[in-house]
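Structure first, commentary second.
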Amino acid sequence: MEERAPTLYRGLAASGGLVFATVVRFEAPKVREAPHYEIVPDQANAEIARFYTALDKARRELVELAKATESHASSTEAGIFDGHLMLLSDTFLIDRVVKDIRNDHVNAEWATHLAFEALVGMMRNMGDEYLREREADLLDVRNRIIGNLMGDGGQRAVPTIERPSVIIADNISPSDAVALPRRYIRGMATEQGSLTAHVTILARALGVPAVVGIGQSLKDIHAGDEVALDGFHGLLWHLPSDAIKTELLASTAQQRATQEHRRTLADRPARTSDGIEVALLANADHSVGFEGISEHGAQGIGLYRTEYLWIGLGREPSEEEQFRAYCEVVCACGNKPVTLRVLDIGGDKMVGRSHVHEANPFLGNRSVRYLLNNRATFRTQIRAILRAAVMGDCSLMYPMITTLEELRACRAFVEECKRELEEEGVPFRKNVKEGVMIEIPSAALQADKLASECDFFSLGTNDLVQYTFAVDRGNESVAHLYQPLHPVILKLIDHVVQAARRHDIPVCVCGEMASDPLAALILVGMGIRRLSMSANLIPRVKELICRVAYFDMQRLVDTLRREDPISAAEVAERSRAVIRRYAPDVLNA
């Protein structure tokens, strides 16, 4: 038999590591064919009851999957099933199925199919990358409900794995990733997927190397073939030679050494070479244990996304449920600061009765707008935050503020809640700091006025860039316009920083710019002393800060102000030149 030559496939480096192993093919479940038949009107109630029974069973199955994930990964990864559970409580989905059964006299399987088709269509129209990834979640939940209706929802074609192996598939859903036997899994490679996909999150947490989004067929890789999977650089070698293996071992040895060095920085402060300290904080939600965050050297939580309590439950949590959740995170952080962002529902996060479909939800009734229109929900959350704040260093933050009037309305409402708690004799913190997320251009432009009436700013750079350029970065046709380093964005940020300095309030950056070395260098040079990001990205930014002098960061910013470049590319090259001089390893991740 003719010997086959090695073949290289390139994809996205989803989870670091190197492995040589044989292949196990995994054929993920395809879209379940939903039977379609008519029912007589008198059968509608029984058919609706059958649908609710399937929902309840799906909910129990997902809770068990989350528990299974937590047992061999962590609560962070188990939390990815919150989105699935949220779908099972989605009023649009449930109402659509019930309406079609009752009005069109169709069976529950077909009504479920139609409802999910409608949801997929709406997500595709939004064009957002994150929402496109959630199509896989929709398929997963759809298959589960229809399977339960047909009596075989729990059956999955799980491969037998009897020795160390790399899983090869077109895609792997969260449910499939949990169902796979872990003992011998040494890596995963998929044709589809992205760095925001749930399988990427799971792979990183389980310590399994992964390459996703290869973008070409892997059908020529057969079960039992040998592969080399380099999760550091996004490479999959089919039938690697000894020379290829030697080269991969050398390249990943350097990567491992870099990772080990950064781990040693966890307990050190992020201090520039000339002595300026920068606080590196973590972005988190209720599924993230602070123990894991602190391992990366986080000095607190700069953005705690409270809305994930709603998403996890699929409903509005009570005051006591919120109080316990906030106490847990504040106590876990000890004397480290925690900033709780009030409910940011709407846009890409919709739960229960708050899920009212709008033509453009990102510009609709979301965040503070929603809360000021739903005072009962706002009151429950503010009371819980004020009560939990007695446990430690806790602040609250208002997202999507667009006018000074909105900030004043929020602050007045907080004072009203304080008076209620005082009258009831309930312990609470009276001097909780209240901050504003600067993520809308109108807020950035009136930063002086906002700074005079709040305690701190937090720059949400992801939305600030999108709203400034009117661009959806998930829409491939306009994604090139999403430019965080564009001089216009830097001028807006600089304007905000200067306003904060005049009013002596701190500024934190909690968007993706905080974790981008090219941007972080400029942000610190502008005078920002707090950066908040995903915890696993902290070591890289810390290494950068420790190896560059604040003087050089300031000089870079002064140069950009003086020369006034016209493009993001020019700015990036200026920043890259400084990093090449003092910390070239940081550019290699």
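Residues 0 to 588 in numbering that gives the first Met the number 0 are what the sequence shown lists, from first letter to last.
Every residue, glycine too, gets a C-beta built ideally from N, C-alpha and C.
- If one requires a minimum length of 3 residues, the beta strand (DSSP E) runs lying completely within the segment 247-321 are 276-284, 300-304, in chain order.
- In the three-state reduction of the DSSP assignment, C509 falls in the coil class, being assigned neither a helical nor a strand state.
- Ranked by how close their Cα comes to the Cα of L395, the residues T460, R382, L403 have R382 in first place.
- The three-state reading of DSSP puts Y549 in helix, counting H, G and I together.
- Burial of R95 is indicated by the presence of at least 16 other C-beta atoms within 10 angstroms of its C-beta.
- Straight-line measurement puts the Cα of D557 at about 33 angstroms from the Cα of L406.
- For S574, the three-state secondary structure derived from DSSP is helix.
- Rounded to the nearest whole angstrom, the CA to CA distance from Q465 to I437 is 13 angstroms.
- In the DSSP secondary-structure assignment, W236 is bridged to L7, A227.
- Distances from the alpha-carbon of K335 to those of L420, D392, L264, I492 put D392 closest.
- With at least 16 other beta carbons inside 10 angstroms of its own, S514 counts as buried.
- Taking each of G424, P426, P316 in turn and checking the Cα distance to A375, the smallest one comes out for P316.
- Here the alpha carbon of A408 sits roughly 8 angstroms from the alpha carbon of L371.
- Looking from the CA of A53, the closest CA among F550, W109, M149 belongs to M149.
- The residues H502, in chain order, have a CB closer than 8 angstroms to that of S451 in the same chain once the five nearest residues on each side in sequence are set aside.
- For the 8 angstroms CB-CB criterion, L517 and L484 form a contact.
- Residue burial is scored here from C-beta neighbours: H295 has at least 16 other C-beta atoms within 10 angstroms and is therefore classed as buried.
- Three or more Cβ pairs closer than 8 angstroms define a contact, and the segment 535-545 falls short of that threshold against the segment 482-496.
- Going by DSSP, F91 is part of no beta strand (DSSP E) but of the alpha helix (DSSP H) stretching over 90-103.
- In this structure, the alpha-carbon of Y325 lies about 41 angstroms from that of P158.
- When Cβ pairs closer than 8 angstroms are counted between the two stretches, the segment 38-51 is seen not to touch the segment 267-275, the count staying below three.
- Note on M85: 16 or more other CB atoms within 10 angstroms of its CB, so buried under the neighbour-count rule.
- No residue range can be given for Y183, since it is assigned to no beta strand (DSSP E) and is classified by DSSP as neither H nor E.
- In the DSSP assignment, R340 falls within the unbroken beta strand (DSSP E) covering 337-340.
- Distances from the CA of E225 to each of S172, L179, I166, A269 were compared; the closest alpha carbon is that of I166.
- A direct Cα-to-Cα measurement between E63 and A57 gives close to 10 angstroms.
- DSSP, read as helix, strand or coil, puts A168 in strand.
- A buried status is given to V523, since no fewer than 16 other beta-carbon atoms sit within 10 Å of its beta-carbon.
- In this structure, R143 places its C-beta atom within 8 angstroms of the C-beta atom of E60.
- Residue state for K432 is assigned as strand, using DSSP reduced to three classes.
- When secondary structure is reduced to three states using DSSP, T402 falls in the coil class, being assigned neither helix nor strand.
- Of the candidates M512, D103, D447, M512 places its Cα closest to the Cα of A571.
- Ranked by Cα distance from L385, the first of A48, L403, E415, T402 is E415.
- Annotated three-state conformation of Y397 is strand, per DSSP.
- Taking C-alpha positions only, R162 is separated from I504 by approximately 58 angstroms.
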